[in-house]
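Trainee:
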Amino acid sequence: MANLKEIKIPSMGEGVIEASIIRWLVNEGSMVEQDTPLVEIATDKVDSEIFAPGTGKIRKIIKKDGDIARVGETIALFQPEGSPDEAEIITLPPDEQTTEKETIILPSQPEPPPADYAADEKFFSSTEHGPGFYLSPFLRKVIQDLGIGLESLASIKGTGHEGRITREDLYNFLRSRQQSSPDNSSAEIPARTTPIPKDREKPSVITPGDEDTEVVPMDRVRKIIARNMVKSKFTAPHVTSFYEADLTSLVNWRESCKKDFETKHGVPLTYTALFVEAVAQTLVQFPGINVSVEGETILKKKNINIGIATALPDGNLIVPVIHKANLLNLSGIAKRLNDLVTRARQGGLLPHETGGGTFTITNLGMAESLTGTPVINQPESAILAVGAIRRKPAVVLWEGRESVGIRSLCIFALSYDHRIIDGALGGKFLREVARMLEEVSPERPV
Numbered sequence: 034m035a036n037l038k039e040i041k042i043p044s045m046g047e048g049v050i051e052a053s054i055i056r057w058l059v060n061e062g063s064m065v066e067q068d069t070p071l072v073e074i075a076t077d078k079v080d081s082e083i084f085a086p087g088t089g090k091i092r093k094i095i096k097k098d099g100d101i102a103r104v105g106e107t108i109a110l111f112q113p114e115g116s117p118d119e120a121e122i123i124t125l126p127p128d129e130q131t132t133e134k135e136t137i138i139l140p141s142q143p144e145p146p147p148a149d150y151a152a153d154e155k156f157f158s159s160t161e162h163g164p165g166f167y168l169s170p171f172l173r174k175v176i177q178d179l180g181i182g183l184e185s186l187a188s189i190k191g192t193g194h195e196g197r198i199t200r201e202d203l204y205n206f207l208r209s210r211q212q213s214s215p216d217n218s219s220a221e222i223p224a225r226t227t228p229i230p231k232d233r234e235k236p237s238v239i240t241p242g243d244e245d246t247e248v249v250p251m252d253r254v255r256k257i258i259a260r261n262m263v264k265s266k267f268t269a270p271h272v273t274s275f276y277e278a279d280l281t282s283l284v285n286w287r288e289s290c291k292k293d294f295e296t297k298h299g300v301p302l303t304y305t306a307l308f309v310e311a312v313a314q315t316l317v318q319f320p321g322i323n324v325s326v327e328g329e330t331i332l333k334k335k336n337i338n339i340g341i342a343t344a345l346p347d348g349n350l351i352v353p354v355i356h357k358a359n360l361l362n363l364s365g366i367a368k369r370l371n372d373l374v375t376r377a378r379q380g381g382l383l384p385h386e387t388g389g390g391t392f393t394i395t396n397l398g399m400a401e402s403l404t405g406t407p408v409i410n411q412p413e414s415a416i417l418a419v420g421a422i423r424r425k426p427a428v429v430l431w432e433g434r435e436s437v438g439i440r441s442l443c444i445f446a447l448s449y450d451h452r453i454i455d456g457a458l459g460g461k462f463l464r465e466v467a468r469m470l471e472e473v474s475p476e477r478p479v
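The opening position of the sequence shown corresponds to residue 34 in this note's numbering, with each subsequent residue numbered one higher.
1) Should M45 go down as buried or exposed, given a rule of 16 or more other Cβ atoms within 10 Å for buried?
2) Could you tell me whether the Cβ atoms of S282 and P475 are closer together than 8 Å?
3) Over what stretch of residues does the alpha helix (DSSP H) that includes G460 continue unbroken?
4) Exposed or buried, what is L93 when buried is set at 16 or more other beta-carbons lying within 10 Å of its beta-carbon?
5) If you draw a straight line from the C-alpha of H11 to the C-alpha of N336, how long is it?
6) Would you report the Cα separation of L58 and R255, rounded to the nearest angstrom?
7) Let me check one thing: in DSSP terms, what residues is H271 bridge-paired to?
8) Please determine, among V429, A102, I91, the residue with the shortest C-alpha to C-alpha distance to I74.
9) Taking C-alpha atoms, which residue in I40, R468, F462 lies nearest to Q318?
10) Comparing C-alpha positions only, which one of G348, T393, P412, D252 sits nearest to L316?
11) In the DSSP assignment, the beta strand (DSSP E) including R424 goes from what residue to what residue?
12) By the three-class DSSP mapping on this structure, what secondary structure does P384 have?
13) What are the boundary residues of the alpha helix (DSSP H) that includes Q314?
14) Run the CB neighbour count on T330, radius 10 Å, all protein chains shown included, and call it buried at 16 or more, exposed below.
15) Secondary structure at S474, three-state DSSP: helix, strand or coil?
16) Inspect the beta-carbon positions of V79 and L382 and report whether they are closer than 8 Å.
17) The alpha helix (DSSP H) spanning K297 covers which residue range?
18) Return helix, strand or coil for L58, following the three-state DSSP convention.
19) In whole angstroms, give me the CA-to-CA distance for E201 and L179.
20) What would DSSP say about M64, mapped onto helix, strand or coil?
21) For the segment 335-390, which segments carrying the alpha helix (DSSP H) assignment without a break, of at least 4 residues, lie completely within its bounds, in sequence order?
22) Tell me the rounded alpha-carbon separation between A421 and R287.
23) Taking the alpha-carbon positions, what's the E480 to T268 distance?
24) Would you grab the beta carbon distance between L417 and V312 for me? Rounded to a whole angstrom, and I think it's under 8 Å.
25) For I239, collect the residues of the same chain with a Cβ closer than 6 Å to its Cβ; drop the 5 residues on either side in sequence, then sort them by chain order.
26) With distances taken from CA atoms, which of N205, L397, E244 is nearest Y304?
27) Is the closest heavy atom of the ligand ZN to the C-beta of S185 under 7 Å?
28) Can you have a look at Q112 and say buried or exposed, based on whether 16 or more other CB atoms are within 10 angstroms of its CB?
29) Does the beta-carbon of L360 have 16 or more other beta-carbons within 10 angstroms, so that it is buried, or is it exposed?
30) Buried or exposed: N285, going by 16 or more other Cβ atoms within 10 Å of its Cβ?
31) Tell me the DSSP secondary structure of K38 in three-state form.
32) Using DSSP with H/G/I as helix, E/B as strand and the rest coil, what is G405?
33) Can you find the residues in the same chain that come closer than 6 Å, C-beta to C-beta, to T69, ignoring five residues on each side of it along the sequence?
34) With a CB to CB cut of under 6 Å and the five nearest residues on each side skipped, what residues in its chain are close to H451?
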């Protein structure tokens, strides 16, 4: 097999150790050109594609649709054009073969799970249940997330190799259960034995399948967002500090020079770019904010990598990262930001462009929200939400005397991990970010 090349899961940034195979775009035996997309893969951060390393033939697909592969693991074998055909069966060396598939065997008369049932890895342990049909790691995770019990699993007829349950089999089962027996899932959980007193009865819950209810399953990205939000709130004790900044000078300066800036640099001058610049420079002064927690240790990050929460056309959210933002000037930040956000909304981000963030900014002003309490993007320790800039009356000093004037005010909200960031540090950092934006010089060059 000296003539074959291994196609592997590439390194996709800090914290990413595995990827799901969404679907293969080619078949075994297919001839492909160099840089032809071969397979779509997904991580917790971003979807991406793996491309052909040259012109040649896909000799063997090792990881199938729905499987999970670790970074560096071989998922297919590729034969470059012009190399002699291999007549023997293609196999991997023992130390490079895929891990043994976990199997389960279903009891003939399964008992329903207890009311406080929560699926875990032990539920699918091959050592407990013995040999049976195969479930890929991807399907095991879906089954756990949905809380599907053994009785329901036993009713699914697998159409895959050797009766294996495929992702399509599971989805067909869920659609069929929803249409034909909306209350089927409740049969797997014992009914409450103690009646609820009438004065404490709650209104009945509308079950899936009711005529006035549309059942819309979460897509994969929304499930990832939901899981990460719950994990963050469970992991870090959140504290949020607020500061109302007077951005009148900043607004006036931007209005006066935004046309010249776009003409000179080829990208618009957005408020988000100005916020990124202020945060990056302030993090240099407050390294205690640019940290993460691992167990009982604090990891101080040398690079300042700013994530930008970006809304996608389908309503989901992604966080592209401007790496080493403190080393960029305003035009560099604006160009990088424009490129990342544009490709994020087109689904064109590379895996490393959503990883390695050390601090996140979310611009609530895009949705006209005044403020909010953002959830920390783990494993970071702080996130800044910037509200809409509104024209309001405020007390100002004019020639040494107080008076009322119309000002451009904006509320900043900083959520931070109270395990390692106290209120004093969080408040000082927030105040310094605001000060840098409030005190912009009207003579600042573009």
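Beta carbons are placed, not taken as given, at the ideal position from N, Cα and C, and that holds for glycine.
Since this is a predicted model, take the numbers as computed values, not measurements.
Mentor: In terms of the structure at hand:
1) buried
2) yes
3) 456-471
4) According to the sequence as given, residue 93 is Lys; it is not Leu. Buried, since its Cβ has 16 or more Cβ neighbours within 10 Å.
5) Nothing can be reported for residue 11, as the shown portion of the chain is limited to 34 through 479.
6) 24 Å
7) D450
8) A102
9) F462
10) T393
11) 423-431
12) helix
13) 304-318
14) exposed
15) coil
16) yes
17) 281-298
18) coil
19) 15 Å
20) strand
21) 363-378
22) 16 Å
23) Residue 480 cannot be examined here, being either before or after the span of the chain that is shown, 34 to 479.
24) 6 Å
25) Bear in mind that a pLDDT of 47 at I239, under 50, signals an unreliable position, so the number given afterwards is only what the model happens to contain. Around I239: T246.
26) L397
27) Among the components modelled here there is no ligand, and therefore nothing to report on the ligand ZN.
28) buried
29) exposed
30) exposed
31) strand
32) coil
33) A85
34) P270, V272
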